[in-house]
Structures are given as C-alpha cells and as structure tokens.
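A.B. asks: Before I ask anything, here is the structure I am working with.
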Amino acid sequence: MSNQHNKLGTSMKKTLLGALACALLASSASVAWAADEIVIGASLPLSGPLAGFGMYQKWGYETAVNDVNKAGGIMVDGAKTRVRLVIRDDKTDSNVTASNTETLISREKVVAMLGSCTPALVNAGALIAERRKVPLVAGCDPLQAFRSVRKWNYAWVLFFDENDLATAPFRMLAEMNLETNKKVAILHDNGPDGQVVGGQIWPASAKAGGYEVVAANSFPTDAQQFTSMIAQAKASNADVVLVDAIPPQGVAIRKQMASAGFNPKLLVVEKGAEPEYFAQATGKLADGVLVGGYWDPSFPYPGAADLAKRFEAETKQTQSQHIADAHAAAQVLLDAIAAAGSTDREKINAAIAKTDKTYVVGPVKFDADHTSRIPITVMQWQGGKSRVVWPKDRANAKLLFPLPSSQ
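Positions -34 to -1, 1 to 373 (mature numbering (1 follows the signal peptide of the UniProt record, and there is no 0)) are the ones given, in order, by the sequence shown.
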C-alpha cells in the first residue's frame, strides 16, 4: 500500500491536502460546541490509494451532519441536541480502520459509526462495531462481500450487489447488440471484491452470454506492473477487457495498455475508474472506459441534482456518486437517532432496522441480511465527465463504441 501511496498523482495529492485541511477545520470548530451533544464517528481513507473515495465520503457525511445542526440538531430526551462527527484517517489500511473504530468507541464515546470504503475497510470497522454492539451504517461496500463475513446485528450497508455489477457489461452488450469477437480477458486484484467479481462472477457471466475467457489473471493489491498480463490479453485477441482494481492500479493498467498498443473494443475498469482522479491521471485515455455506477444527479431522487451542485460549488471539483451513498448513509443514521429519540445504541439500532424511506440514492429498506440494494447502471468517461450510458431509461449520453484508439 505504501508503494501505491508514493505513486499518487499530483492532482490527487492536492485533493488530499484540501480534504485534510477541511478535516482540521471541522475538528477545531467542534471544540466550541456544548458538552451536550450526540457524537458519531467515521474512519475514512483520507490518504493512501483509496483517498480518491474518502474525500467524497467525508463531504457527504459532513454535509448531512451540518444540515441537521443548521436545523437545530436532533430531538433527544426532549431537547434539541447538536451532532458532532469525529473523523479519523484510516490511511487505506484495514488494521488502522479497526484501531480507529475501537478508539472512536472507547475514547470518543460515539453512539454510532459511519463506515469507510471497500470491503476490506468497511468490514474491518464493522467487525469492531459489532463486537462492541455499536450501530454502523455504510455505503461503499458491495453487498455480497459484506454478507459473506458473518450474520450482522449492528452493521448495515446500502450499496450495489456484485452480481448486478458484474453482469451489467454483458447485459449491455446483448441489449445494444454490440459486435465483438466474443473473446474476454479478465484482470483483477485479489482483494475481497476483486475475487468475487473478477474471479467468480465475470467468468460465469461470460460463459452464460456465449463469450470465451481467453486470458485471466489476478494480482496483489500493491502490484504496479501489468505488462505481461496485458501482453497475454493482447496476444489472445480479446475484444472485451474487464479489470477490477483500485485507482492507482486502474490508472497504471490503462496507461500500460496504451503503451502496449492494446486497444480492445470494450474496456471496463471497476473500482479504479470510479473517482475523478482516474480521468485526471489518464487524460484522453479515460475516454470510452466503462465503470459500474449507481447514482447520477439526473436520477429522479429527492435532492439528487442539488447535492451535486452543492458539492461542486463548495469544493470547485466535479461531483462523484460517492457523495450520494455517503450522504444517504449519514441521513439514515441521523434519522434513526431522531426516531429513537435517544442516544441509547440498542434503540438506535432498532430504528435503523425500520428504515423505509427514499433518500438521494433512492429507496432504502434493509433486508434480513442488513443490506439495502442500489440498482446498477453503466457509466463511461467522455471528455473528462462520467456519463450514464446504460440502461436506456437512465442514460444521459450515447455509448462510445468501440473504445477510442489510444494511438
């Protein structure tokens, strides 16, 4: 992980410095608050390879909390009480996430937690919260990876299901009747979601759709060189390339594909191509790259368009879908505290279980596995912007196909 951190681009470093500065300001501002307050915590990747996600989450969480406080706080035990959000940087390290969560519970006395990002980090924090019987609400954790850990009692996740994500490219290819040679190359990391999506669901989905997997490779989450894997995929003449990797690796793979002169008809980069950092770091090479999505300001949900405008006005950066699941997760927790009318953790947890409301990401209602599913779309980078290209009823741009030449 440290090697990846050293490779982060200049633009991302500037983003991180801004995010950390905001964290310090928020922390100093909270000192003046009254002693009677509701304290909630979050451990987020504000540095390290996943910092491109963490800064969006931080904004989403803080915005939801700030809105509640501007309205006077939450009614608890008959009195309006302000909320204090304490955020710690987990540095994209699951051990630090676990340690931060324990510290927030034992030292800061938080009544509930908001989650980090990706299965490795979210689940690490959730296990501590579960052991300490503290409610935790998160997005940014694919549902199968969350469900597979254990039977949860205090952790709750609203996000997409890996089956929906992994089958989306094949459903899009079939629905749009896109011509390829039916040959697929798969490159995926060996993290929890990489193994599920790249190692299991993609091969099965390819076979079911009449495609042949002609190259398949996995790699560690700290790998930096992918030339041999790319050469194998190119030699196999794959028209469809599916990648599941974190942002620095996603950037490296795209650049190394271009250097190798490998230009398949369809390129999907899950996870790694999601934050704006990918487009900033790859420039024109981002054009045509696909990535699974679940939210866009154009979706007909309350506050969707406004949330994106607020983010861009306040940060002077392009919005990301991660502001939405983070904002919704925070709202779910804050609404549960309000419904409980108490800071009692058991009462808050019981109120989360009863959630049945439409938020900025759409309807949220948790099932017996403590998950709430967000439908998948397919997004594509076009001219530095992320556009929805599938399904038809959600699309706000036409699909670029085949992938534009990198030469």
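Ideal Cβ positions, reconstructed from N, Cα and C, are used throughout, including at glycine.
Would G18 and P85 qualify as a contact pair, given that the criterion is a beta-carbon distance under 9 angstroms?
C.D. replies: Within the sequence shown, the letter at position 52 stands for residue 18. Within the sequence shown, the letter at position 119 stands for residue 85. Going by C-beta atoms, G18 is not nearer than 9 angstroms to P85.
A.B. asks: Taking the beta strand (DSSP E) that V298 falls in, what are its first and last residues?
C.D. replies: Numbered from its first residue, the sequence shown carries residue 298 at position 332. First-last for V298: 288 to 306, but that is the alpha helix (DSSP H), not the beta strand (DSSP E).
A.B. asks: Counting Cβ pairs closer than 8 angstroms, one from the region 181 to 191 and one from the region 204 to 219, do we hit at least three?
C.D. replies: The region 181 to 191 vs the region 204 to 219: in contact.
A.B. asks: Could you check what DSSP says for R116 in three-state terms: helix, strand or coil?
C.D. replies: Start at 1 with the first residue of the sequence shown, and residue 116 comes out as number 150. Coil.
A.B. asks: From T146 to A172, what distance separates their C-alpha atoms?
C.D. replies: Taking the first residue of the sequence shown as position 1, residue 146 is located at position 180. Taking the first residue of the sequence shown as position 1, residue 172 is located at position 206. Approximately 13 angstroms between the Cα atoms of the pair.
A.B. asks: Give the straight-line distance between the Cα atoms of G269 and R276, rounded to the nearest whole angstrom.
C.D. replies: In the sequence shown, the residue the question calls residue 269 occupies position 303. In the sequence shown, the residue the question calls residue 276 occupies position 310. Going by the C-alpha atoms only, they are around 10 angstroms apart.
A.B. asks: Is the number of C-beta pairs between the region 58 to 77 and the region 288 to 301 that are closer than 8 angstroms three or more?
C.D. replies: No contact exists between the region 58 to 77 and the region 288 to 301.
A.B. asks: Use the C-beta contact count for A279: other C-beta atoms within 10 angstroms, 16 or more gives buried, fewer gives exposed.
C.D. replies: As a position in the sequence shown, residue 279 is number 313, starting the count at 1. Exposed is the call here.
A.B. asks: Can the beta-carbon of H293 be found less than 9 angstroms from the beta-carbon of G26?
C.D. replies: Position 327 of the sequence shown, counting from 1, holds the residue named residue 293. Position 60 of the sequence shown, counting from 1, holds the residue named residue 26. Contact: yes.
A.B. asks: Apart from the five residues just before and just after V354, which ones in its own chain have a Cβ nearer than 6 angstroms to its Cβ?
C.D. replies: As a first step, residue 354 must be located in the sequence shown, where it is residue number 388. Cβ within range, chain order: D262, T343, M345, R360, A361, N362.
A.B. asks: Go through its chain and collect everything with a Cβ distance to D205's Cβ below 7 angstroms, but skip five positions before and after it.
C.D. replies: If you number the sequence shown from 1, residue 205 lands on position 239. The residues are T146, N147, K149, P230, K231, L232.
A.B. asks: Would the beta-carbon of A295 fall within 9 angstroms of that of G81?
C.D. replies: Numbered from its first residue, the sequence shown carries residue 295 at position 329. Numbered from its first residue, the sequence shown carries residue 81 at position 115. Yes; because the gap between Cβ atoms is below 9 angstroms, this pair is in contact.
A.B. asks: At the level of alpha carbons, what is the spacing between V179 and G307?
C.D. replies: By one-based count along the sequence shown, residue 179 stands at place 213. By one-based count along the sequence shown, residue 307 stands at place 341. Those two C-alpha atoms are separated by around 54 angstroms.
A.B. asks: Can you tell me which of the three DSSP states R73 falls into?
C.D. replies: Position 107 of the sequence shown, counted from the start, is the residue given in the question as residue 73. In the structure shown, R73 sits in coil (DSSP, three-state: anything other than H, G, I, E or B).
A.B. asks: Identify every run of the alpha helix (DSSP H) within the region 242 to 279, keeping only runs that are complete inside it and at least 4 residues long; order them along the chain.
C.D. replies: For the region 242 to 279, whole alpha helix (DSSP H) runs of length 4 or above, ordered along the chain, are 242 to 248.
A.B. asks: In three-state DSSP terms, what is P329?
C.D. replies: As a first step, residue 329 must be located in the sequence shown, where it is residue number 363. Of the three classes helix, strand and coil, the one that applies to P329 here is strand, per DSSP.
A.B. asks: K36 lies in the alpha helix (DSSP H); which residues open and close that run?
C.D. replies: Numbered from 1 along the sequence shown, position 70 holds the residue referred to as residue 36. Taken as a continuous stretch (DSSP letters only), the alpha helix (DSSP H) holding K36 covers 17 to 36.
A.B. asks: Which one of I6, Q161, P11 has the shortest CA to CA distance from I40?
C.D. replies: By one-based count along the sequence shown, residue 40 stands at place 74. Cα-wise, what sits closest to I40 is I6.
A.B. asks: Could you give the DSSP three-state label for D155: helix, strand or coil?
C.D. replies: Here the question's residue 155 lines up with position 189 in the sequence shown. Three-state result, D155: strand.
A.B. asks: Identify every run of the beta strand (DSSP E) within the region 307 to 361, keeping only runs that are complete inside it and at least 3 residues long; order them along the chain.
C.D. replies: List check, beta strand (DSSP E) in window: 322 to 325, 328 to 331, 337 to 339, 343 to 348, 351 to 356.
A.B. asks: Straight-line CA distance for L70 to S264?
C.D. replies: Translated into positions along the sequence shown, residue 70 becomes position 104. Translated into positions along the sequence shown, residue 264 becomes position 298. Taking the straight line from one Cα to the other gives about 36 angstroms.
A.B. asks: Please go through the same chain and pick out, in chain order, the residues whose beta-carbon is closer than 6 angstroms to the beta-carbon of Q161, but skip the five residues on each side of it.
C.D. replies: Reading the sequence shown from its first residue, position 195 is the one you call residue 161. So the list is empty, once near-sequence residues are dropped.
A.B. asks: Have a look at C106 and S338 and give me their C-alpha separation to the nearest angstrom.
C.D. replies: Along the sequence shown, read from residue 1 onward, the residue named residue 106 stands at position 140. Along the sequence shown, read from residue 1 onward, the residue named residue 338 stands at position 372. When rounded, the distance between both Cα atoms is 12 angstroms.
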